[in-house]
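>
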Amino acid sequence: LAGLRSKSLQLIVDAALFEPGRWRAADFTDIIKEIPVLDEDKLNALLATPLGSMYNEIAKSPEVLTTCVIKMLSRALDMDV
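So the sequence shown is residues 1111 to 1191, counted in the numbering used here.
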């Protein structure tokens, strides 16, 4: 957490957490029919989410995200002396 004093690291964390990634319609129903997917446009469409990367993580596996945030907050509080 002390490393987050660095502006460049702050920008990297911000981009990783809040960059929405590729979006798709909520009713998108295409499936992967072959592996590997050779068509880059098709691959990007398949990897897109209707909610964005961060919201997708919250919707699909909130316990992982909340556990990590709680650990970060706990460590930050331990540093506040």
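Just so you know, even glycine gets a beta-carbon here, dropped at the ideal spot from N, CA and C.
By Cβ distance below 8 Å, which residues in the same chain neighbour L1114 in space, the five residues on each side in sequence not counted?
In the sequence shown, the residue the question calls residue 1114 occupies position 4. These residues qualify, in order along the chain: Q1120 and V1123.
> Apply the 10 Å Cβ neighbour rule to T1159 and answer buried if 16 or more other Cβ atoms are within range, or exposed otherwise.
Here residue 1159 is taken as the residue at index 49 of the sequence shown, counted from 1. Answer is buried; the Cβ neighbour count reaches 16.
> Measure the alpha-carbon distance for M1086 versus L1157 and round it to whole angstroms.
Only positions 1111 to 1191 of the chain appear in the structure, and residue 1086 is not among them; the question remains open.
> For the putative contact between R1132 and N1154, defined by C-beta atoms under 8 Å, what is the C-beta separation to the nearest angstrom?
Start at 1 with the first residue of the sequence shown, and residue 1132 comes out as number 22. Start at 1 with the first residue of the sequence shown, and residue 1154 comes out as number 44. Indeed, because the Cβ distance is near 6 Å, the residues count as touching under 8 Å.
> Going by DSSP, which residues form a beta bridge with T1159?
The count along the sequence shown starts at 1 and reaches residue 1159 at position 49. Paired residue(s): W1133.
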